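Protein chains in written order, with my numbering: chain A, 308 to 630; chain B, 308 to 630.
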DNA sequence: CAAGCCAGGTTTAACGTTACACACTCGGGC
DNA sequence: GCCCGAGTGTGTAACGTTAAACCTGGCTTG
């Protein structure tokens with residue numbers, strides 16, 4: 308018990324005793340047993356970060372920041388890959404698996420808000436991305452609709468009139484993509500450009516390969532686009548790749564704008580214009596909200612935090628010399 | 308106890324009882340408490356994956372595969388970012404932190420083999436990358452020297468004579484980079500090209516920014532290179548960026564070869580030639596070795612597994628039309 | 001028909017920690 | 001001289017799980 312008091316820095320331990328204990332700890336190499344602590348405390352000290360996959364530039368960068376924020380608050384983060392699969396998402400929410408966590412930061416893809424609410428069942432939860440009217444937990448978002456509108460307006464301002472939007476997804480929980488489509492349509496309308504469903508192909512996964520495939524199909528089609536607004540940077544990189552493969556120039560023949568503000572976009576060739584959400588802010592707020600919800604309990608009302616974004620204009624969408 | 312038997316599928320439970328227990332579990336929503344299990348078992352069911360940072364394409368892709376392999380074997384993976392910092396590496400090895408793990412897969416950077424051995428102190432350990440003569444644990448490697456030699460020989464075969472090597476690092480534990488430098492020098496020697504220290508600049512971190520900086524400095528120097536062998540794909544992407552910034556063409560003016568075989572390299576512009584280690588194999592073997600060492604104890608001798616690699620030749624190092 | 005065995009189920013104890021109650025000592029204060 | 005309280009330190013019990021020992025009837029076996 309005295310050892311416990313010393314280790315935890317509890318009062319009522321004399322300096323002499325404290326010293327003696329610390330020396331002994333050092334000598335015999337005592338390390339507190341976390342399982343016992345967790346059992347006793349009813350906590351695990353770990354939280355989950357449930358995302359589709361970690362080898363997505365955006366989630367990798369976000370994970371880096373989130374791990375740092377978590378460490379600062381004394382939490383360990385456990386990354387769970389849901390692959391956008393409903394069953395895996397359900398499992399992550401319910402907290403199955405050999406390692407228990409006290410809550411999670413979740414980026415839903417397959418599940419809609421109601422299902423998320425049902426599965427989480429009172430577990431402390433912070434959602435990333437838009438969630439319909441009210442989320443089943445705290446929510447951290449960016450203004451997807453506004454950001455998309457800006458991005459597309461930027462392309463239209465360059466004189467482009469056949470702007471494709473790549474990233475609408477058949478997955479149910481991708482409210483983010485619906486908002487971005489809405490922003491896209493709003494920008495088109497504002498410029499008096501009719502919406503053409505064929506220019507908004509669906510993709511299953513936000514990968515470079517699917518970006519290249521989707522944009523390649525558009526470029527090979529009867530009425531190719533002259534610009535692409537991709538819903539993430541990996542899709543955008545795929546779009547650039549598809550254009551190059553066909554001997555088209557970026558941005559002259561095809562202007563491209565991405566989303567996520569990843570480092571990869573910055574070092575692309577040409578450097579990629581992209582909507583950069585405040586990733587550090589998102590990571591910080593997500594951990595802050597989760598920490599509060601876990602420690603302060605569930606009398607807190609659900610909160611929504613909106614983080615800023617910025618359109619980083621780069622070479623992939625500069626006005627072409629001749630146009 | 309009977310519940311425990313049912314949950315674990317132990318024998319000596321009648322079908323009737325089993326049924327009754329399962330129904331009750333369902334009804335009251337019983338979930339086994341992992342902390343108690345871990346306390347009882349003396350295990351945590353989790354392993355660490357200690358790497359510099361997760362927002363490095365290679366580690367992100369490797370993490371994805373490792374998480375999958377681990378899940379298949381019933382392990383949870385905890386990613387720890389060491390930032391290449393000695394103190395953080397020591398902590399990861401010793402298993403500090405609020406969440407205990409039963410072992411780890413470790414990519415050392417700051418620490419040398421002896422320090423690793425001292426810190427790990429008997430914890431089940433699998434090392435990624437070369438470790439001098441004998442590792443302080445199981446080791447999974449690729450033939451760094453051979454791979455580097457192939458890559459550089461490929462550049463020399465294109466007629467390049469001023470091949471830079473970017474990636475030698477001042478960090479102590481980067482045995483990988485020493486081997487790659489060795490392969491680089493071997494290839495030069497074989498082709499009768501003298502080694503020029505100025506063409507092998509040091510970098511602190513394997514990031515796109517440092518790749519661009521290092522190669523930019525070389526290109527701005529008195530005797531610029533006509534080819535670059537970068538020690539990872541991010542450095543290579545930075546190299547391409549630096550060349551483009553200066554109006555140079557890749558591969559005509561500067562051929563570039565990377566290392567890691569990341570998806571990013573494939574979709575680069577131009578697509579990046581890269582040495583692709585068998586990442587899936589590395590992930591699989593690493594988890595297999597770690598699993599065996601944890602479950603079978605330490606009477607096992609240290610093992611070294613060498614995985615294959617492949618030089619993927621792409622646009623960034625094709626023979627220039629005119630050369 | 002007693003002994004033995006077996007399937008099915010229960011009790012005990014222990015894993016390491018810590019909240020809480022309890023015990024002891026030593027200076028004052030009345 | 002007695003009590004009080006502050007400052008220290010110790011004992012107890014409980015967190016949820018499970019290996020191992022232990023019951024308990026019914027059934028086989030010699």
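Yeah, the Cβ is synthetic: ideal placement off N, Cα and C, and Gly gets one too. None of these values were measured; they are calculated from a predicted model.
Collapsed DSSP secondary structure at residue 320 (chain A) in the structure displayed: Here the question's residue 320 (chain A) lines up with position 13 in the first chain. It is coil, neither helix nor strand.
For a cutoff of 9 Å on Cβ pairs, would you count residue 368 (chain A) as touching chain B? In the first chain, counting from the first residue as 1, residue 368 (chain A) sits at position 61. Closer than 9 Å: yes.
Compare the C-beta of residue 628 (chain A) with all C-beta atoms of chain B and state if any pair is closer than 9 Å. Here residue 628 (chain A) is taken as the residue at index 321 of the first chain, counted from 1. Bear in mind that a pLDDT of 45 at residue 628 (chain A), under 50, signals an unreliable position, so the model cannot answer this.
Touching or not, the stretch 582–600 of chain B and the stretch 441–459 of chain B, by the rule of three or more beta carbon pairs under 8 Å? yes
Of the residues A:494, A:473, A:344 and A:485, which one's Cα is nearest the Cα of residue 439 (chain A)? As a working mapping, residue 439 (chain A) is identified with position 132 in the first chain. Closest option to residue 439 (chain A), Cα to Cα, is A:485.
Within 8 Å, do at least three Cβ pairs link the stretch 611–625 of chain B to the stretch 407–414 of chain B? no
Give me the chain A residues within the contact set of residue 570 (chain B), using Cβ-Cβ distance strictly less than 7 Å, ordered along the chain. Counting from one through the second chain, the residue named residue 570 (chain B) turns up at place 263. Near residue 570 (chain B) (Cβ distances below 7 Å), the residues of chain A are 515.
Runs of 4 residues minimum, wholly inside the stretch 533–565 of chain A: which ones carry the alpha helix (DSSP H) assignment? 540–552
Taking its Cβ as the centre, do 16 or more other Cβ atoms sit within 10 Å of residue 510 (chain A), making it buried, or is it exposed? Walking along the first chain from the start, residue 510 (chain A) turns up at place 203. Buried.
Alpha-carbon spacing of residue 616 (chain B) relative to residue 537 (chain B), whole angstroms: Position 309 of the second chain, counted from the start, is the residue given in the question as residue 616 (chain B). Position 230 of the second chain, counted from the start, is the residue given in the question as residue 537 (chain B). Whole-angstrom Cα-Cα distance: 16 Å.
So, does the CB of residue 484 (chain A) fall closer than 9 Å to a CB anywhere in chain B? Along the first chain, one-based indexing puts residue 484 (chain A) at 177. It does not; no Cβ of chain B falls within 9 Å.
Whose C-beta lies closer than 8 Å to the C-beta of residue 592 (chain B) among residues of the same chain, with five residues either side of it excluded? Residue numbering aside, residue 592 (chain B) sits at position 285 when the second chain is read from its first letter. Contacts found: 447, 612 and 614.
So which residues of chain A does residue 624 (chain B) contact, with C-beta pairs closer than 7 Å? Here the question's residue 624 (chain B) lines up with position 317 in the second chain. By Cβ distance, chain A contributes nothing, its closest Cβ being about 15 Å from residue 624 (chain B), past 7 Å.
With 9 Å set as the bound, which would you pick, yes or no: does the beta-carbon of residue 374 (chain A) sit closer than that to a beta-carbon of chain B? Here residue 374 (chain A) refers to the residue found at position 67 of the first chain. True, the Cβ-Cβ gap to chain B drops below 9 Å.
Burial state of residue 570 (chain A), where buried means 16 or more other Cβ atoms lie within 10 Å: What you label residue 570 (chain A) is simply residue 263 of the first chain in a count that begins at 1. It is buried - the Cβ of residue 570 (chain A) has at least 16 other Cβ atoms within 10 Å.
Leaving out five residues before and five after residue 263 (chain B) in sequence, what residues of the same chain have Cβ atoms less than 7 Å from its Cβ? Residue 263 (chain B) lies beyond the range of chain B shown here (308 to 630); nothing can be said about it.
For residue 476 (chain A), three-class secondary structure by DSSP: Looking up residue 476 (chain A) in the first chain gives position 169. The answer is coil: DSSP assigns residue 476 (chain A) none of H, G, I, E or B.
Taking only runs that begin and end inside the stretch 319–351 of chain A, name each unbroken alpha helix (DSSP H) of 4 or more residues, in chain order. 322–335 and 341–348
Quick check: what's the CA-CA separation for residue 436 (chain B) versus residue 334 (chain A)? For the purposes of this step, residue 436 (chain B) is taken as residue 129 along the second chain, with counting starting at 1. For the purposes of this step, residue 334 (chain A) is taken as residue 27 along the first chain, with counting starting at 1. Roughly 33 Å between the two C-alpha positions.
Does DSSP classify residue 379 (chain B) as helix, strand or coil? Taking the first residue of the second chain as position 1, residue 379 (chain B) is located at position 72. Helix.
Please determine, among A:478, A:535 and A:465, the residue with the shortest C-alpha to C-alpha distance to residue 471 (chain A). By 1-based counting over the first chain, the position of residue 471 (chain A) is 164. Looking at the Cα atoms, A:535 is the closest of the given residues.
Quick check: the Cα distance between residue 558 (chain B) and residue 551 (chain B), rounded to an integer number of angstroms? As a working mapping, residue 558 (chain B) is identified with position 251 in the second chain. As a working mapping, residue 551 (chain B) is identified with position 244 in the second chain. Roughly 11 Å separates the two Cα atoms.
Using beta carbons (cut-off 9 Å, strictly below), is residue 573 (chain A) in contact with chain B? Within the first chain, the letter at position 266 stands for residue 573 (chain A). Cβ-Cβ to chain B under 9 Å: yes for residue 573 (chain A).
Output, in sequence order along the chain, the residues in the stretch 537–548 of chain A whose CB is closer than 7 Å to any CB in chain B. 544, 545, 547 and 548
Listed by chain order, chain A residues near residue 371 (chain B) by CB distance under 8 Å: As a position in the second chain, residue 371 (chain B) is number 64, starting the count at 1. Correct list: 360, 361, 362 and 388.
Just curious, the alpha helix (DSSP H) that residue 623 (chain B) is in, first and last residue? Indexing the second chain from 1 puts residue 623 (chain B) at position 316. Careful: residue 623 (chain B) lies outside any alpha helix (DSSP H) and carries neither H nor E.
Return the CA-CA distance between residue 397 (chain A) and residue 574 (chain A), expressed in angstroms with no decimal places. Within the first chain, numbered from 1, the residue matching residue 397 (chain A) stands at position 90. Within the first chain, numbered from 1, the residue matching residue 574 (chain A) stands at position 267. Straight-line Cα distance between these residues: approximately 37 Å.
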